[in-house]
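Counting the sequence shown from 1 gives a position; my numbering is that position plus 1. All C-beta atoms in this analysis are idealised placements derived from N, C-alpha and C, irrespective of residue type, glycine included. Structure first, commentary second.
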Amino acid sequence: MDQLHKKTQHITKLILKASKAAREETRGDGGYASSGGAVKWPVECTVGPGLEGAIACESKVGYVNGVKGALIYRGYDVFDLCAYSTFEEVSYLLLYGKLPTPSQFEIFKKKLAQHRNVSDTLRLLMSFPVENMNPMAALRMGAHFLRREFSTIDQDDHKPDSGDFIGSDEDSIAMETVPKGSKRAIYEFKRKKQRERERDDGTYNPATGYGPCYSLIAGTSCLAAAIKRVREGHLPIEPRMDLSHAANLLYMMTGKEPSPEEERIMDVALILHADHGMNASTFASMVVASTLSDMYFSVGAGIAALNGPLHGGANEQVVKMLEEIGKKERVKAWFDEAMKEKKKIMGFGHRVYKAYDPRARILLPLAEFFGGKNDEIAHMFEIATLLEKQVVGKLGKEKKIFPNVDFYSGMLYQSLGIPAEMFTSIFAVSRVSGWTARVMEYLENNRIFRPRAIYTGTFDEKYKPLRNRK
Ligand code: CMC
Numbered sequence: 002m003d004q005l006h007k008k009t010q011h012i013t014k015l016i017l018k019a020s021k022a023a024r025e026e027t028r029g030d031g032g033y034a035s036s037g038g039a040v041k042w043p044v045e046c047t048v049g050p051g052l053e054g055a056i057a058c059e060s061k062v063g064y065v066n067g068v069k070g071a072l073i074y075r076g077y078d079v080f081d082l083c084a085y086s087t088f089e090e091v092s093y094l095l096l097y098g099k100l101p102t103p104s105q106f107e108i109f110k111k112k113l114a115q116h117r118n119v120s121d122t123l124r125l126l127m128s129f130p131v132e133n134m135n136p137m138a139a140l141r142m143g144a145h146f147l148r149r150e151f152s153t154i155d156q157d158d159h160k161p162d163s164g165d166f167i168g169s170d171e172d173s174i175a176m177e178t179v180p181k182g183s184k185r186a187i188y189e190f191k192r193k194k195q196r197e198r199e200r201d202d203g204t205y206n207p208a209t210g211y212g213p214c215y216s217l218i219a220g221t222s223c224l225a226a227a228i229k230r231v232r233e234g235h236l237p238i239e240p241r242m243d244l245s246h247a248a249n250l251l252y253m254m255t256g257k258e259p260s261p262e263e264e265r266i267m268d269v270a271l272i273l274h275a276d277h278g279m280n281a282s283t284f285a286s287m288v289v290a291s292t293l294s295d296m297y298f299s300v301g302a303g304i305a306a307l308n309g310p311l312h313g314g315a316n317e318q319v320v321k322m323l324e325e326i327g328k329k330e331r332v333k334a335w336f337d338e339a340m341k342e343k344k345k346i347m348g349f350g351h352r353v354y355k356a357y358d359p360r361a362r363i364l365l366p367l368a369e370f371f372g373g374k375n376d377e378i379a380h381m382f383e384i385a386t387l388l389e390k391q392v393v394g395k396l397g398k399e400k401k402i403f404p405n406v407d408f409y410s411g412m413l414y415q416s417l418g419i420p421a422e423m424f425t426s427i428f429a430v431s432r433v434s435g436w437t438a439r440v441m442e443y444l445e446n447n448r449i450f451r452p453r454a455i456y457t458g459t460f461d462e463k464y465k466p467l468r469n470r471k
């Protein structure tokens, strides 16, 4: 029996059942496309609007098979990772390319837990009106503020007293925002002390340092939890070092230690959102990193890109849409009207998947099982499944439109006590693993991203002074 998840075997069974159904339904549907070796650059590809089809880089981090509806992290099927692994292990896998040994895993978990201590950053963040801000805007600001700890410690020739560190007073804010220039930012990626420590614990990568990755993976989850609390009129809660990443996130949000079931469901949701090919937010963070800016700015860019309703913001919109539909008797009429108005149905469709999104395959039974315990969510789930029937019935065959990850995730988060306005932040908290892993990989052979546009403007306009223009 799986010792790690022995209290939540029923959840493992739901995941394995979904996995079996997926494998049976997609048997023979397109194999795994691979370059089969090193790519020869320049590479030829057909590019559509929105960079559809463009190849930006090589990667071993993860793979999305849109025809089959499969998602792979470092060679491992996401179904297996959800069934047997944990978010911490998956983060290690994404960052370092292999599963950890028991001792590497202990060190990794300990380091992540140590980075939960973001009280200084939090004090700075709380000096802004976080309760009135969009949570993603607050999270992005918080991610940038996390940089302070490293940027201060990094200055080997000017080691500050601990009292110098971080405060929420205006002086310290002004002092920290003094621009450091590009030399300092490059140093963020290649910190000598960090490298030495990583060499000691076996997590060393010659090209880069991982400190900012730990800081951001652990830190953003604590910041998101604190943002939720403050928005609800409560004070942030101190992290617990003895809890898993998922359990601590729930604990810091709700103030209650989660049940093994709640912890597992959160953990599975975090695993499912951790990486997803060259999606918009991942690409945004890689573009920023490719200028040799730093990991904090890169993750900040990822958070900004994820926020939009066409990307991570869709999960919040789904719940709003289901609330707007309101009753199961209204589903068909609502959908017909939406089609007439050529509306995009939130939580459906995907640039890559032309089959059922494997993440939705897992989230659906979890939302049914866990959400079913709450009448309101069970009602919403019923509306959702009826809507899915309508959408897939009309658009599935013709346009290959199926539910994506955002369709069922919101209901699951709601059943864990997370309000809709925090859904996208929870997505971000998980995706930080993918962003950092792909940035670290790209930086090993960095080349600044610089595509071009086809100029369709005019060439021979004659300049008229302002006063002569009508
Ligand atoms: N509802 C209705 N029709 C759709 C939908 C949808 N959700 N998505 C795509 N279509 C139609 C679209 O109207 C178009 O039809 P036609 O060829 O007749 O003009 C066709 O399918 C292709 O759509 P597209 O907009 O060109 O596809 P895209 O690859 O540019 O966009 C997408 C992908 C995810 C932005 C889009 O499917 C969408 O807007 N979905 C709703 C928002 C959503 O759920 N986003 C979450 C995506 S998954 C998680 C994540 O990335 O964060």
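Put residue i into one of helix, strand or coil per three-state DSSP.
i	result
MET347	coil
VAL131	helix
PRO103	helix
HIS11	helix
HIS6	coil
ILE73	strand
HIS312	coil
PRO359	helix
PRO404	strand
HIS277	strand
LYS184	Residue placement at LYS184 is poorly supported in this model, since its pLDDT is 37, which falls under 50; the coordinates still yield a value, given next. DSSP places LYS184 in helix when its eight states are reduced to three.
GLU239	coil
TYR297	helix
TYR215	helix
PHE460	coil
GLY435	helix
TYR414	helix
ARG453	coil
THR425	helix
ASN1	Absent from the model: residue 1. The displayed extent of the chain is 2 to 471, so no value can be given.
GLY168	Note that GLY168 has pLDDT 37, beneath the 50 cutoff, so the model's placement of it is unreliable and the number below is only indicative. Three-state result, GLY168: coil.
Excluding sequence positions up to five away, which residues of its chain have a Cβ less than 6 Å from the Cβ of residue i?
i	result
ALA1	Residue 1 cannot be examined here, being either before or after the span of the chain that is shown, 2 to 471.
ALA139	VAL131 and ILE228
VAL231	VAL131 and GLU132
PHE371	ILE266 and SER416
ILE12	ARG265
ALA248	PRO259 and GLU264
TRP303	One point to set straight first is that residue 303 is Gly, not Trp, in the sequence displayed. Around GLY303: SER282, ALA285, SER286 and TRP436.
MET296	PRO213
ILE238	MET253 and GLY256
Mind reading off the beta-carbon distance from residue i to residue j? Whole number of angstroms is fine, and I expect it under 8 Å.
i	j	result
VAL289	SER282	VAL289 to SER282, Cβ: 11 Å. No contact.
ALA225	VAL430	5 Å
MET253	PRO310	Not quite, the Cβ-Cβ distance comes to about 27 Å (not below 8 Å), so this is no contact.
GLY54	VAL48	5 Å
ALA1	ARG352	The requested residue 1 does not occur in the structure, where the chain is confined to residues 2 to 471.
MET279	VAL440	Contact doesn't hold; Cβ gap of about 12 Å is too wide.
TYR354	GLY67	5 Å
Leaving out five residues on either side along the sequence, give the residues of the same chain with a beta carbon under 7 Å from the beta carbon of residue i.
i	result
ILE449	SER291 and THR292
ASN316	ASP407, SER410, GLY411, PHE424, THR425 and PHE428
ALA368	PHE382, TYR409, MET412 and LEU413
PHE146	THR122, LEU125 and LEU126
GLY397	PHE403
ALA339	ILE346
LYS8	PRO261
Apart from the five residues on each side of it in sequence, which residues of its chain come closer than 8 Å, Cβ to Cβ, to residue i?
i	result
VAL269	ILE12, ILE16, CYS83, ILE363 and LEU367
For this session: Report the residue ranges of all alpha helix (DSSP H) runs contained in full by the segment 43 to 97; include only those spanning at least 4 residues, in chain order.
Result: With a minimum length of 4 residues, the continuous alpha helix (DSSP H) runs that stay inside the segment 43 to 97 are 79 to 85 and 88 to 97.
Start-end ranges of the alpha helix (DSSP H) lying completely within the segment 244 to 292, minimum 4 residues | Runs of the alpha helix (DSSP H) inside the segment 244 to 292: 246 to 255, 261 to 273 and 281 to 291.
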